[in-house]
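**Q** Submitted below is the structure of interest, expressed as structure tokens.
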Ligand code: CP3
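In the working numbering, the protein residues as written are 60 to 412.
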């Protein structure tokens, strides 16, 4: 590494097991519409996907929250849905509504997807790797750079549903009627996401996060969390570590409850468990081994509310994790209506320790 030691990167140190007080912080979706400078760059770029695939713009928006707030980690600006796009599925974003995909409803669409070892997948994603390198070069030395991907179940649910659906009915129905097809899709995603994360590490990422945003809505069946979510994630973790020994990997399994959160590290081999806002962090910490690294979990709505409620929730997170390896974060992404002053308040309170 050029110009310093990775030990200066606090988020990376916590991921190796150090307890740091006050804990280092970053926010999911920290580059986003609550920032006027993001809205400006986004308007210049044109569409959301143009922003994702333009390394110069992606670098600029990734750096914006670091400049403004000095977060200890920066997360690559992109989206989990660039991977289905690279597999050959149509993906677009509808202003004010969210992502749309040309839905995968059966074997016909599945057979049109690129095979996992098709080099066209990774030439499509080349601008992402270029962005990672350019972000690493521009970041302050002590800032940890996180790459990411979506977990297979979450990405598959968008590929099948063609959009975000609250109960993932299309994905669950297909898993019930054609389980072998959904398993083949998950397998394809395991292979592609493994290679995708390895290449992000090679381009300069210090650590990565796997987003399982829909662990709360899985197909019916005995231990469906394991089958559709934790096992595929475990295969990615194992595959990445074969190529990047000791790779630091955070797994965020939103909606999996206290019991699900307890299983993430033992069953996937993750370096840390990302905790969603619905879980009581103090209860979880008491049931986890002291060596387990946690991340989270301020409620994004408390950040909108601000005031005494915000101070109290920051204090409660500090209390629940004192002396333990923890990375401060939200329990899900920051929303566009969040006042910037509240982010400043949160960090001021946190940094008092
Ligand atoms: O955390 C970060 O700042 C890194 C960048 C990032 C984005 N999306 C940027 C984004 C990451 C890690 C994601 C992950 C992602 N994308 C997930 C998993 C995490 C989660 O939030 O549950 C999911 C499910 C998606 C798919 C997706 N992308 C949705 C559902 C939406 C629409 C929601 C919305 O806020 O409009 C997006 C769009 C998106 N991805 C935006 C950003 C900043 C907003 C787009 C805009 O600028 O208009």
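Glycine residues also receive a C-beta, built at the ideal position from the N, C-alpha and C atoms.
For residue 354 versus residue 331, is the C-beta distance shorter than 8 Å?
**A** The residue given as residue 354 occupies position 295 in the chain shown. The residue given as residue 331 occupies position 272 in the chain shown. Yes, Cβ-Cβ distance for residue 354 and residue 331 is below 8 Å.
**Q** Any contact between the segment 132 to 141 and the segment 205 to 213? By contact I mean 3 or more CB pairs, one from each, below 8 Å.
**A** Because the criterion of three Cβ pairs below 8 Å is met, the segment 132 to 141 and the segment 205 to 213 touch.
**Q** So is the beta-carbon of residue 335 under 7 Å away from any non-hydrogen atom of the ligand CP3?
**A** Walking along the chain shown from the start, residue 335 turns up at place 276. The answer is no for residue 335.
**Q** I need the boundaries of the alpha helix (DSSP H) containing residue 250, first residue and last residue.
**A** Counting from 1 along the chain shown, the entry for residue 250 is found at position 191. Start and end: 238 to 262.
**Q** Report the three-state DSSP secondary structure of residue 89 (helix, strand or coil).
**A** In the chain shown, the residue the question calls residue 89 occupies position 30. The answer is coil: DSSP assigns residue 89 none of H, G, I, E or B.
**Q** Which residues does DSSP list as the beta-bridge partners of residue 204?
**A** Along the chain shown, read from residue 1 onward, the residue named residue 204 stands at position 145. Residue 204 is bridged to 133.
**Q** Using a 10 Å radius around the Cβ and a threshold of 16 neighbouring Cβ atoms, would you call residue 291 buried or exposed?
**A** As a working note, residue 291 is residue 232 in the chain shown. Residue 291 is buried by the Cβ-count criterion.
**Q** State the Cα-Cα distance for the pair residue 113 and residue 346, rounded to the nearest angstrom.
**A** Counting from one through the chain shown, the residue named residue 113 turns up at place 54. Counting from one through the chain shown, the residue named residue 346 turns up at place 287. Between residue 113 and residue 346, the C-alpha separation is close to 44 Å.
**Q** Is the beta carbon of residue 363 sitting closer than 8 Å to the one on residue 397?
**A** Translated into positions along the chain shown, residue 363 becomes position 304. Translated into positions along the chain shown, residue 397 becomes position 338. Result yes, Cβ atoms of residue 363 and residue 397 sit closer than 8 Å.
**Q** Across which residues does DSSP place residue 151 in a beta bridge pair?
**A** Translated into positions along the chain shown, residue 151 becomes position 92. Note: residue 151 sits in a beta bridge opposite 159.
**Q** Between residue 120 and the rest of its own chain, which residues show a CB-CB distance below 6 Å, the 5 nearest in sequence each way excluded?
**A** Here the question's residue 120 lines up with position 61 in the chain shown. Cβ within range, chain order: 90, 97, 100 and 136.
**Q** Taking the DSSP output, what are the residues bridged to residue 352?
**A** Translated into positions along the chain shown, residue 352 becomes position 293. Bridge partners of residue 352: 331.
**Q** Short check: CB of residue 395 to CB of residue 93, under 8 Å?
**A** Within the chain shown, numbered from 1, the residue matching residue 395 stands at position 336. Within the chain shown, numbered from 1, the residue matching residue 93 stands at position 34. In this structure, residue 93 lies closer than 8 Å to residue 395 by Cβ.
**Q** Quick one: any contact between the segment 291 to 311 and the segment 270 to 280, if contact means 3 or more CB pairs under 8 Å?
**A** Yes, they touch.
**Q** Please classify residue 82: is it buried, with 16 or more other beta-carbons within 10 angstroms of its beta-carbon, or exposed?
**A** Numbered from 1 along the chain shown, position 23 holds the residue referred to as residue 82. Label assigned to residue 82: buried.
**Q** For residue 138, verify whether its CB is less than 7 Å away from any heavy atom of the ligand CP3.
**A** Residue 138 sits at position 79 when you count from the first residue of the chain shown. Residue 138: yes, Cβ under 7 Å from the ligand CP3.
**Q** For the beta strand (DSSP E) that contains residue 266, what are its first and last residues?
**A** In the chain shown, counting from the first residue as 1, residue 266 sits at position 207. Its beta strand (DSSP E) spans residues 266 to 271.
**Q** Can you determine whether any heavy atom of the ligand CP3 sits closer than 7 Å to the C-beta of residue 89, and answer yes or no?
**A** Here residue 89 refers to the residue found at position 30 of the chain shown. Flag set: Cβ of residue 89 near the ligand CP3.
**Q** Would you list the residues sitting across from residue 222 in a DSSP beta bridge?
**A** By 1-based counting over the chain shown, the position of residue 222 is 163. Answer by DSSP bridge pairing, in chain order: 159.
**Q** Secondary structure at residue 209, three-state DSSP: helix, strand or coil?
**A** On the chain shown, position 150 is the one that residue 209 refers to. Of the three classes helix, strand and coil, the one that applies to residue 209 here is strand, per DSSP.
**Q** Any idea what DSSP makes of residue 386, helix, strand or coil?
**A** The count along the chain shown starts at 1 and reaches residue 386 at position 327. Of the three classes helix, strand and coil, the one that applies to residue 386 here is strand, per DSSP.
**Q** Secondary structure at residue 418, three-state DSSP: helix, strand or coil?
**A** Any question about residue 418 goes unanswered here, given that the chain covers just 60 to 412.
**Q** Could you compute how far the alpha carbon of residue 218 sits from the alpha carbon of residue 143?
**A** By 1-based counting over the chain shown, the position of residue 218 is 159. By 1-based counting over the chain shown, the position of residue 143 is 84. Their backbone Cα atoms lie some 7 Å apart in a straight line.
**Q** Taking the CB atoms as reference points, tell me whether residue 299 and residue 256 lie closer together than 8 Å.
**A** Residue numbering aside, residue 299 sits at position 240 when the chain shown is read from its first letter. Residue numbering aside, residue 256 sits at position 197 when the chain shown is read from its first letter. Yes, these two residues count as a Cβ contact at 8 Å.
**Q** Under a Cβ-count criterion, where at least 16 other Cβ atoms within 10 Å of its own Cβ denotes burial, should residue 378 be classed as buried or exposed?
**A** Counted from its first residue, the chain shown places residue 378 at position 319. By the neighbour-count rule (16 or more Cβ atoms within 10 Å), residue 378 is not buried but exposed.
**Q** Return the CA-CA distance between residue 417 and residue 411, expressed in angstroms with no decimal places.
**A** Within the shown structure, residues of the chain are numbered from 60 to 412, placing residue 417 beyond reach of any answer.
**Q** Given this structure, state the Cα-to-Cα distance separating residue 368 from residue 361, to the nearest angstrom.
**A** Working through the chain shown from its first residue, we reach residue 368 at position 309. Working through the chain shown from its first residue, we reach residue 361 at position 302. One C-alpha to the other measures close to 7 Å.
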